[in-house]
Structures are given as C-alpha cells and as structure tokens.
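Same order as they appear, the protein sequences are chains A and B. Letter by letter, the first sequence follows residues 129 to 262 in the working numbering. Letter by letter, the second sequence follows residues 129 to 262 in the working numbering. For each residue, glycine too, the CB sits at the ideal point set by N, CA and C.
Protein chains: 2
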Amino acid sequence: MKAGAILETVIYAADPQAAGRFYRDIFGLEEVRSVEGRFVFLRCGGQMLLIFNPEATRDPAHQNGIPAHGATGAGHLCFRAEDGAELDRWRARLAGAGIPLEHEQIWKGGARSIYLRDPAGNSVEIAEAAIWGL
Amino acid sequence: MKAGAILETVIYAADPQAAGRFYRDIFGLEEVRSVEGRFVFLRCGGQMLLIFNPEATRDPAHQNGIPAHGATGAGHLCFRAEDGAELDRWRARLAGAGIPLEHEQIWKGGARSIYLRDPAGNSVEIAEAAIWGL
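Next up, the structure:
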C-alpha cells in the first residue's frame, strides 16, 4: 500500500489565532475552525493546515481521547508555486504586505524558493514545484 | 492570491534515517534523498515529507544560507484515505506489520481516523478525507 497524499500538515504557535490570521490574510487560506488559545484549522486547496498551541495539545487530559502531540521551536512548511511567474507574484504580494524575505534560494536547475517567517517564528517557504520534479 | 497547495510537510526526528525507513516501509513513500543524521526527504504523491534532525537544522552554520528551523516534542501529520474501505485496508496493513493503533476516532458524520506513532514519537493519523469535507 502507498499513502497517496498528506491530508493534514501541522505547525505550532503559542498564539494560534495570530498565526491563523497571517496564513488567512497573506496566503489566502480559508479558516475552517478556530478555538481561542488552542488551535486554528485552515484549508489550503485539497489539504489542511492545522495550527496548534503545543501547551494545549500536549496535555492528554485536554485531548478528549485524541493522541497528544506538541512541539516547540521553529517548524517549517512550504507552499507550492506552479512556476517562476507565480513565485514572482508571491514576492510582490509579500513586499506589498511589508513582510521581509529572509532568503532566496536558486536550486540546481534554476528553480527557486523564497523564505519568510510567520508570526510564531516558523520558517515558511514558497517554492516552484520543479525543485522536487513535481 | 491564494496558496493552492502545501508542497512540503515537515516532521522532526533525532534519527531521521530510522523514521524515514518507517515511512518508506509502512506507508510506501519514495525516498528521494537522505543524509545520515541530518535528513530524509520522501515523496508522497504530489507532495514531499521532509524529516529533519532538529539538532542539525536549527544550527544556522550548517544550513548553507537556508533559514534555520527545528522543533522538539511530538509532531503530528495525517495521511489521506479516500474512504472507509481504504482506512480498513490501512488498519489491516498496520496490524500485519505489528504496529499498534493508539486510537480510533469516529467523527461527527461517521468518517473515521486511526492513530499510531512513528519511531520518533510523532503522532501519525490516517483519516478519511471526508472528515474535512474533502
């Protein structure tokens, strides 16, 4: 058997609502559910981005039977850009929103990634799918 | 602008090679690149699962300009099952491989998730896409 897709990608933030607003406002994700101080769930195409406060989710007593988890420190995720033209539109979008780029990487073969930080300090990348041959 | 897809999902493991073998052997992911003690990159359909040793990636001196990141504690991710029949095939696959289920959740509406742990302690879920209306 092969898993065909990742349905939920998770990052952590001490203030999930602030992080959720960032992903909604900057990346256009659709907020599906939010519980103050605990989590925000957002839709990104056919996938979900779940943002949890690790102080809440790592406590089994507050998980209603759902297995506990919760990490601290900067996480990382990467959004897909179809091509270099879309990446350039994202660069303009971020500049217009006053969000500094931390780094730009030109990979072997010429496809590119740009990097920024979310309000919780997670490393956010936007990459041309070609960097993985996808 | 809207981000259309998450290209890279990240989890952390002190032994990324051991975790990588687990995702390759149990979930059928394709190993794309591996550097001992640092990372394993695996393909899952049109997405990538990146497994990093946070002790390595959080050190800017070893990142060659790529922004540092690295979290500790149990993370979480969820693979997509198309329907309940696929979820049942995963349950049988896990039982055959001797991997205990930590929990089964029946969500409102009847769609289900099953939960297990990877070798690094991350919480791995397999869920019917219907739990998110996807």
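What residues are listed by DSSP as bridge partners for I242 of chain A? On the first sequence, position 114 is the one that residue 242 of chain A refers to. Its beta-bridge partners are A:E232 and A:I254.
Can you tell me where the beta strand (DSSP E) with R219 of chain A in it begins and where it stops? Here the question's residue 219 of chain A lines up with position 91 in the first sequence. Per DSSP, R219 of chain A lies in no beta strand (DSSP E) segment; the continuous alpha helix (DSSP H) that holds it begins and ends at G212 to G224.
Just tell me which of B:P247, B:R219 and B:G174 has its CA closest to the CA of M129 of chain A. Reading the first sequence from its first residue, position 1 is the one you call residue 129 of chain A. Across the set B:P247, B:R219 and B:G174, the C-alpha of B:R219 shows the shortest separation from the C-alpha of M129 of chain A.
Taking 6 Å as the limit between beta carbons, can you name the residues of its chain near D246 of chain B, skipping five residues before and five after? Working through the second sequence from its first residue, we reach residue 246 of chain B at position 118. Hits under 6 Å: A147, F150 and V252.
Do the segment 137-147 of chain A and the segment 209-227 of chain B meet, that is, are 3 or more Cβ pairs less than 8 Å apart? No, because fewer than three Cβ pairs between the segment 137-147 of chain A and the segment 209-227 of chain B fall closer than 8 Å, the two stretches do not touch.
So, under 8 Å CB-CB, A154 of chain A and Q233 of chain B are touching, yes? Tell me the CB distance rounded to an integer number of Å. Numbered from its first residue, the first sequence carries residue 154 of chain A at position 26. Numbered from its first residue, the second sequence carries residue 233 of chain B at position 105. Correcting the residue identity first, residue 154 of chain A is Ile in this sequence and not Ala. Taking a contact as a CB-CB distance under 8 Å, the pair I154 of chain A and Q233 of chain B does not count as one, their CB atoms being some 31 Å apart.
With burial defined as no fewer than 16 other Cβ atoms inside 10 Å of the residue's Cβ, what is the status of T200 of chain A: buried or exposed? Translated into the one-based positions of the first sequence, residue 200 of chain A becomes position 72. So T200 of chain A counts as exposed.
What residues from chain B crowd round V138 of chain A, counting only those whose CB sits closer than 7 Å? For the purposes of this step, residue 138 of chain A is taken as the residue at position 10 of the first sequence. Residues of chain B with a Cβ closer than 7 Å to the Cβ of V138 of chain A are, in chain order, G203, H204 and L205.
Report yes or no: do the segment 173-189 of chain B and the segment 223-231 of chain B share at least 3 C-beta pairs separated by less than 8 Å? The segment 173-189 of chain B makes no contact with the segment 223-231 of chain B: fewer than 3 CB pairs, one atom from each, lie closer than 8 Å.
Are the beta-carbon atoms of F207 of chain B and I259 of chain A separated by less than 8 Å? For the purposes of this step, residue 207 of chain B is identified with residue 79 of the second sequence, where counting begins at 1. For the purposes of this step, residue 259 of chain A is identified with residue 131 of the first sequence, where counting begins at 1. One thing to note: F207 of chain B has its Cβ no nearer than 8 Å to the Cβ of I259 of chain A.
Of the choices B:L229, B:G249 and B:D216, whose alpha-carbon is the least far from that of G203 of chain B? Locating residue 203 of chain B in the second sequence gives position 75, where the first residue counts as 1. Measuring from the Cα of G203 of chain B, the nearest candidate turns out to be B:G249.
Name the DSSP beta bridge partners of A199 of chain A, please? Counting from 1 along the first sequence, the entry for residue 199 of chain A is found at position 71. Bridge pairing for A199 of chain A: absent [DSSP].
Quick check on A239 of chain B: buried or exposed, where buried means 16 or more other Cβ atoms within 10 Å of its Cβ? Residue mapping note: residue 239 of chain B aligns to position 111 of the second sequence, counting from 1. Answer is buried; the Cβ neighbour count reaches 16.
Range covered by the alpha helix (DSSP H) that runs through E183 of chain B: Mapped onto the second sequence, residue 183 of chain B falls at position 55. In this chain, the alpha helix (DSSP H) harbouring E183 of chain B covers P182 to T185.
For I194 of chain B, return the contacting residues in chain A, with the cut-off set at a CB-CB distance below 8 Å. Along the second sequence, read from residue 1 onward, the residue named residue 194 of chain B stands at position 66. Within 8 Å Cβ-Cβ: H231, Q233 and Y243.
Take D187 of chain B and list the residues in its own chain whose beta-carbon comes closer than 7 Å to its own, dropping the five residues that flank it on each side. Numbered from 1 along the second sequence, position 59 holds the residue referred to as residue 187 of chain B. Contacts found: A196.
When A:Q175, A:T185 and A:E164 are compared against L205 of chain A, the one with the closest alpha-carbon: Taking the first residue of the first sequence as 1, we reach residue 205 of chain A at position 77. For L205 of chain A, the nearest C-alpha among the options comes from A:Q175.
Any heavy atom of the ligand ZN closer than 7 Å to the Cβ of F155 of chain B? Because no ligand of any kind appears in the structure shown, any question about the ligand ZN cannot be addressed here.
May I ask which residues mark the beginning and end of the beta strand (DSSP E) holding R208 of chain A? Translated into the one-based positions of the first sequence, residue 208 of chain A becomes position 80. Element bounds for R208 of chain A: H204 to A209.
Taking 8 Å as the CB-CB cut-off, is F150 of chain A touching chain B? One-based indexing of the first sequence puts residue 150 of chain A at position 22. No, because no Cβ of chain B sits closer than 8 Å to the Cβ of F150 of chain A.
Give a yes or no on whether the C-beta atoms belonging to E256 of chain B and L229 of chain B are separated by under 8 Å. What you label residue 256 of chain B is simply residue 128 of the second sequence in a count that begins at 1. What you label residue 229 of chain B is simply residue 101 of the second sequence in a count that begins at 1. Not closer than 8 Å, so no.
Inter-residue spacing [alpha-carbon to alpha-carbon] between E158 of chain B and G156 of chain A: The residue given as residue 158 of chain B occupies position 30 in the second sequence. The residue given as residue 156 of chain A occupies position 28 in the first sequence. Taking the straight line from one Cα to the other gives about 30 Å.
Nearest neighbour of G173 of chain B, chosen from A:S241, A:I254, A:G132 and A:A184 [CA to CA]: Numbered from 1 along the second sequence, position 45 holds the residue referred to as residue 173 of chain B. If we check each option's Cα against that of G173 of chain B, A:G132 comes out closest.
Could you work out which residues of chain C lie near K236 of chain B, taking near to mean beta carbons separated by less than 9 Å? The structure shown contains no chain C; the protein chains it does contain are A and B.
Which of helix, strand or coil DSSP assigns to Q145 of chain B: By 1-based counting over the second sequence, the position of residue 145 of chain B is 17. Three-state result, Q145 of chain B: helix.
F266 of chain A - partner residues in DSSP beta bridges: A question about residue 266 of chain A goes unanswered here, because the residues of chain A that appear run from 129 up to 262.
Tell whether a beta-carbon distance below 8 Å holds between P144 of chain B and V160 of chain B. Translated into positions along the second sequence, residue 144 of chain B becomes position 16. Translated into positions along the second sequence, residue 160 of chain B becomes position 32. By the CB criterion at 8 Å, P144 of chain B and V160 of chain B fall outside the cutoff.
CB-CB under 6 Å to R166 of chain A, same chain, minus the five flanking residues each way: which ones, in chain order? For the purposes of this step, residue 166 of chain A is taken as residue 38 along the first sequence, with counting starting at 1. Listed in chain order, the non-local C-beta contacts of R166 of chain A below 6 Å within the same chain comprise N181 and A184, local neighbours out to five positions each way being set aside.
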